[in-house]
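> Got a structure for you, written out below as structure tokens; questions coming shortly.
Protein chains in written order, with our numbering: chain A, 2 to 346; chain B, 2 to 346.
Written out as structure tokens, the structure reads:
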């Protein structure tokens with residue numbers, strides 16, 4: 002068993018632990034946010050953590066009605082800009098807590114009088130030092146280079162924060178179900194191990210979702226690129242129709258993440274368009290209607306609020322990346338030329 | 002000659018016209034922004050226009066010190082969220098003025114009491130009706146499906162707005178030079194027509210830049226995907242090192258946009274890393290140091306402030322997409338399955 006696969010299967014427990022250990026701190030942070038009447042959020046992150054930031058943007062805007070900006074860290078580092086962040090909530094996400102550009106963005110924010118918080122898996126890092134509140138993934142050390150459990154637990158913490166900030170019972174109740182639901186979703190591992198065989202030789206593919214699961218498409222594509230060295234590109238369904246759909250010809254592989262919810266109808270429409278072009282479609286969904294359009298349907302056997310679905314729907318994407326890499330004779334634990342911590346300035 | 006190539010060559014004149022015809026209006030908008038003490042900007046756009054929005058984000062943050070959020074239109078459309086946009090400047094960018102989700106975002110913004118503006122190439126559209134200020138590309142009708150002159154003139158208008166808002170003489174003076182400099186940059190057409198031959202059969206590639214030219218990488222990748230049906234994926238240099246660099250093996254084609262400026266040193270560092278992996282590199286730059294690392298160097302014969310370089314550095318990217326498409330026996334004017342206007346809700 003690869004380290005990556007081991008860590009994938011640790012997620013249900015990690016989910017339960019994150020909620021248990023971090024809820025009290027998240028509650029206090031949510032109170033601070035309300036007390037300071039935060040009307041603007043900026044999030045700094047890189048790589049996988051940037052996909053957690055994408056999820057946070059959607060969830061905060063939808064539940065709290067506050068506009069969220071994803072920081073371009075180079076604005077703060079390369080260009081030494083003084084952006085006016087006073088009055089903002091600035092969140093840094095970095096599993097190692099060492100991403101230098103994220104640390105520098107938080108440092109600037111703190112100097113400007115912003116409320117700062119971080120989400121990280123490592124205690125007492127450079128990032129926690131510049132954060133008023135440090136939320137921990139409590140995922141245990143992550144040994145595989147490809148991040149899995151630190152990604153999903155970051156999403157858990159985001160959802161927990163938004164739940165307390167907005168007071169949404171959908172989120173609060175839904176979060177409690179996730180550890181058990183995650184176990185059920187992971188039972189698709191056997192199916193995926195078999196289905197990836199067909200994709201042993203793909204060189205490129207598109208990964209598609211819409212709305213809240215944009216983060217899922219981005220992260221699933223990155224996992225495949227890192228571990229299987231194939232050109233996997235994520236698109237929001239809406240942007241895809243604006244041009245890139247031109248690449249889709251007979252047999253072009255497309256991965257669709259289509260949980261139930263507001264984005265579902267658009268995804269059905271997209272699947273129909275792709276079918277007329279003869280695309281090869283792997284579809285991750287619960288509803289039979291869209292699964293029937295798939296070349297290879299992957300049934301996700303849980304009912305989950307769309308707002309929390311990105312936490313569960315990435316699990317089959319992680320399994321897919323792991324098994325496809327193995328099927329291609331590669332080692333998902335040791336992607337060539339990657340190290341666990343990337344220090345960019 | 003393709004329509005796309007004709008329109009590429011119309012850009013120097015279009016640049017001069019945009020500045021001449023729109024300066025007075027931009028000046029008034031800049032005054033309104035200052036009068037309302039705008040401390041937050043939200044931009045809504047899709048596809049190519051979203052790359053203009055990316056440029057706007059960097060330029061506004063760097064020159065005006067105001068955080069900019071790129072709207073996820075589905076937050077406003079799919080999820081019917083009421084984001085608190087009062088006190089914001091909300092800018093919609095759409096060449097046709099018909100992108101329904103962009104229109105709806107601006108409509109919500111106007112109802113919330115935001116200051117609204119749009120950048121478009123079509124007068125009296127749905128988008129202009131929900132905008133307090135409408136800035137026109139004045140690029141003339143764009144006939145090719147792949148947007149070229151409407152993209153660069155949108156960038157011109159963004160730069161013009163930031164120049165007046167910030168009072169930057171670098172921008173104001175630099176903008177005056179662009180029409181003549183654009184003509185000089187377009188003189189690389191012959192070189193590019195020859196060099197693309199070598200890339201007749203590529204299936205995938207990475208397009209890399211950093212900082213302000215992130216927009217250039219995104220747009221150059223999209224143009225190749227649309228017109229040559231190849232999997233071109235853009236990365237910021239910093240994100241690329243966080244994982245996706247794993248795909249680069251001997252001969253993997255990488256396109257680097259590396260104008261002089263703050264991002265230049267990082268791009269040299271990246272080119273060196275890619276060289277040790279045996280990557281095939283096409284580099285667009287002025288400075289000899291990085292061009293010497295290229296498999297095929299494309300010399301851009303102008304000195305331009307980094308802040309305006311995205312307006313000129315995309316020109317060889319457009320030429321590349323056009324000539325590569327032709328070399329592959331395709332028609333860049335008629336990408337399969339695309340129409341000029343995409344109506345997403």
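All residues carry an ideal CB built from backbone N, CA and C; glycine is no exception.
#1: Measuring CB to CB, does residue 278 of chain B end up less than 8 Å from residue 261 of chain B?
#2: One question on the structure: do residue 231 of chain B and residue 9 of chain B come within less than 8 Å of each other, judged by their Cβ atoms?
#3: Starting from the C-beta of residue 252 of chain A, find all residues in its chain whose C-beta is less than 6 Å away, skip the five residues before and the five after it, and write them out in chain order.
#4: Using 8 Å as the threshold, is the stretch 201-218 of chain A in touch with the stretch 162-173 of chain A, meaning 3 or more CB pairs across them?
#5: Report buried or exposed for residue 2 of chain B, applying the criterion of at least 16 other Cβ atoms within 10 angstroms of its Cβ.
#6: Is the stretch 235-245 of chain A touching the stretch 190-199 of chain A in the sense that three or more CB pairs, one from each, lie closer than 8 Å?
#7: Residues of the stretch 54-71 of chain B in Cβ contact with chain A at a cutoff of 7 Å, in chain order, please.
#8: In terms of alpha-carbon separation, which member of A/313, A/283, A/299, A/254 lies closest to residue 175 of chain A?
#9: For the stretch 242-255 of chain A, which residues have a CB atom closer than 8 Å to at least one CB atom of chain B, in sequence order?
#10: Going by DSSP in three states, residue 201 of chain B sits in which element: helix, strand or coil?
#11: Looking at the strands, I want to know which residues DSSP matches up with residue 7 of chain A.
#12: What are the partner residues of residue 285 of chain B, as DSSP defines its beta bridges?
#13: Residue 82 of chain A touches chain B at which residues, Cβ-Cβ below 8 Å?
#14: For the stretch 31-52 of chain A, which residues have a beta carbon sitting closer than 8 Å to at least one beta carbon of chain B?
#15: Suppose the cutoff is 7 Å on Cβ atoms and the five residues either side in sequence are ignored; what does the same chain contact list for residue 292 of chain B look like?
#16: Using a cut-off of 7 Å between C-beta atoms, extract the partners of residue 232 of chain A located in chain B.
#17: At a Cβ cut of 9 Å, what residues of the stretch 190-218 of chain A count as close to chain B, listed as they run along the chain?
#18: CB residue 158 of chain A to CB residue 316 of chain A, shorter than 8 Å?
#19: Could you tell me which residues DSSP puts in a beta bridge with residue 234 of chain B?
#20: My assumption, with CB atoms under 8 Å, is that residue 76 of chain B sits in contact with residue 194 of chain A. Please give the rounded CB distance.
#21: Would you verify that the beta carbon of residue 86 of chain B is, or is not, closer than 8 Å to some beta carbon of chain A?
#22: Any beta carbon from chain B within less than 8 Å of residue 76 of chain A's own beta carbon?
#23: Counting contacts by CB-CB distance shorter than 8 Å, is residue 287 of chain A in contact with chain B?
#24: For residue 5 of chain A, count neighbouring Cβ atoms within 10 angstroms of its own Cβ and tell me buried if that reaches 16, exposed if not.
#25: 8 Å is my cut-off, CB to CB: does residue 294 of chain A come that close to chain B?
#26: What's the gap between the Cα of residue 21 of chain A and the Cα of residue 162 of chain A?
#27: Hey, is residue 73 of chain B's beta-carbon within less than 8 Å of any beta-carbon in chain A?
#28: Let me see if you follow: with CB-CB separation under 8 Å, is residue 263 of chain A close to chain B or not?
#29: Among B/25, B/302, B/58, B/114, which one has its Cα closest to the Cα of residue 179 of chain B?
#30: Which residues in the same chain have their Cβ closer than 6 Å to the Cβ of residue 135 of chain B, if we skip the five residues on either side of it in sequence?
#31: Beta-carbon within less than 7 Å of residue 346 of chain A's beta-carbon, same chain only, minus the 5 sequence neighbours each way: which residues are those?
#32: Would residue 290 of chain B be called buried (16 or more neighbouring beta carbons within 10 Å of its own) or exposed?
#33: Less than 8 Å between the C-beta atoms of residue 81 of chain A and residue 113 of chain A, yes or no?
#34: Got a sec? Which residues, its chain only, sit under 6 Å from residue 49 of chain A by beta carbon, not counting five neighbours each side?
#35: What does the alpha-carbon distance come out to for the pair residue 55 of chain A and residue 71 of chain A?
#36: Does DSSP put residue 71 of chain B in a helix, in a strand, or in coil?
From the atom records:
#1: Taking the first residue of the second chain as 1, we reach residue 278 of chain B at position 277. Taking the first residue of the second chain as 1, we reach residue 261 of chain B at position 260. Cβ atoms of residue 278 of chain B and residue 261 of chain B: not closer than 8 Å.
#2: Working through the second chain from its first residue, we reach residue 231 of chain B at position 230. Working through the second chain from its first residue, we reach residue 9 of chain B at position 8. No.
#3: Taking the first chain and counting its residues from 1, one reaches residue 252 of chain A at position 251. Counting only Cβ-Cβ distances below 6 Å, and skipping sequence neighbours, we find 281.
#4: no
#5: Stepping through the second chain from its first residue, residue 2 of chain B is reached at position 1. With fewer than 16 other Cβ atoms within 10 Å, it is exposed.
#6: no
#7: 58, 59, 62, 63, 66, 67, 68, 69, 70
#8: On the first chain, residue 175 of chain A is found 174 positions in, with the first residue counted as 1. Among A/313, A/283, A/299, A/254, the Cα nearest to that of residue 175 of chain A belongs to A/313.
#9: 242, 243, 244, 245, 246, 247, 248, 249, 250
#10: To locate residue 201 of chain B, count along the second chain from 1; it is residue 200. If DSSP states are grouped into helix, strand and coil, residue 201 of chain B belongs with coil.
#11: Here residue 7 of chain A refers to the residue found at position 6 when the first chain is read from its first residue. Answer is none; residue 7 of chain A lacks a bridge partner.
#12: As a working mapping, residue 285 of chain B is identified with position 284 in the second chain. B/258, B/299, per the DSSP bridge assignment.
#13: As a first step, residue 82 of chain A must be located in the first chain, where it is residue number 81. Chain B residues near residue 82 of chain A: 62, 63, 66.
#14: 40, 41, 43, 47, 48, 49, 51
#15: Locating residue 292 of chain B in the second chain gives position 291, where the first residue counts as 1. Excluding residues within five positions, the ones whose Cβ falls inside 7 Å are 284, 286, 298, 300.
#16: By one-based count along the first chain, residue 232 of chain A stands at place 231. Those are 205, 232, 234, 248, listed as they occur along chain B.
#17: 204, 205, 206, 207, 211, 212, 213, 215
#18: Working through the first chain from its first residue, we reach residue 158 of chain A at position 157. Working through the first chain from its first residue, we reach residue 316 of chain A at position 315. In this structure, residue 316 of chain A does not lie closer than 8 Å to residue 158 of chain A by Cβ.
#19: The sequence position of residue 234 of chain B within the second chain is 233, counting from 1. Looking at the DSSP assignment, residue 234 of chain B forms a beta bridge with B/207.
#20: Taking the second chain and counting its residues from 1, one reaches residue 76 of chain B at position 75. Taking the first chain and counting its residues from 1, one reaches residue 194 of chain A at position 193. The pair is not a contact, with the Cβ atoms about 36 Å apart (cut-off 8 Å).
#21: Here residue 86 of chain B corresponds to residue number 85 of the second chain, with the count starting at 1. It does; some Cβ of chain A falls within 8 Å.
#22: Counting from one through the first chain, the residue named residue 76 of chain A turns up at place 75. Yes, residue 76 of chain A counts as interfacial toward chain B.
#23: Within the first chain, residue 287 of chain A is the residue found at index 286, counting from 1. No, residue 287 of chain A lies away from the interface with chain B (no Cβ there is under 8 Å from its Cβ).
#24: The count along the first chain starts at 1 and reaches residue 5 of chain A at position 4. When all chains shown are included, residue 5 of chain A counts as buried.
#25: Numbered from 1 along the first chain, position 293 holds the residue referred to as residue 294 of chain A. Judged by the 8 Å Cβ criterion, residue 294 of chain A is not in contact with chain B.
#26: Stepping through the first chain from its first residue, residue 21 of chain A is reached at position 20. Stepping through the first chain from its first residue, residue 162 of chain A is reached at position 161. Roughly 13 Å separates the two Cα atoms.
#27: Counted from its first residue, the second chain places residue 73 of chain B at position 72. Closer than 8 Å to some Cβ of chain A, the Cβ of residue 73 of chain B qualifies, so yes.
#28: On the first chain, position 262 is the one that residue 263 of chain A refers to. So yes, residue 263 of chain A belongs to the interface.
#29: Here residue 179 of chain B refers to the residue found at position 178 of the second chain. It is B/302.
#30: On the second chain, residue 135 of chain B is found 134 positions in, with the first residue counted as 1. Correct list, in chain order: 119, 129.
#31: As a first step, residue 346 of chain A must be located in the first chain, where it is residue number 345. Residue confidence is low: residue 346 of chain A scores 48 on pLDDT, short of 50, so the model does not pin down where it sits. No coordinate-derived value is stated.
#32: Sequence index remark: in the second chain, residue 290 of chain B carries index 289 (1-based). It counts as exposed.
#33: As a first step, residue 81 of chain A is located in the first chain; it is residue number 80 there, counting from the start. As a first step, residue 113 of chain A is located in the first chain; it is residue number 112 there, counting from the start. No, the pair does not count as a contact, with Cβ atoms beyond the cut-off.
#34: By one-based count along the first chain, residue 49 of chain A stands at place 48. Within the same chain, residue 49 of chain A has close Cβ partners 148, 152.
#35: Locating residue 55 of chain A in the first chain gives position 54, counting from the first residue. Locating residue 71 of chain A in the first chain gives position 70, counting from the first residue. Each residue's alpha carbon lies about 8 Å from the other.
#36: Working through the second chain from its first residue, we reach residue 71 of chain B at position 70. Note: residue 71 of chain B maps to strand in three-state DSSP.
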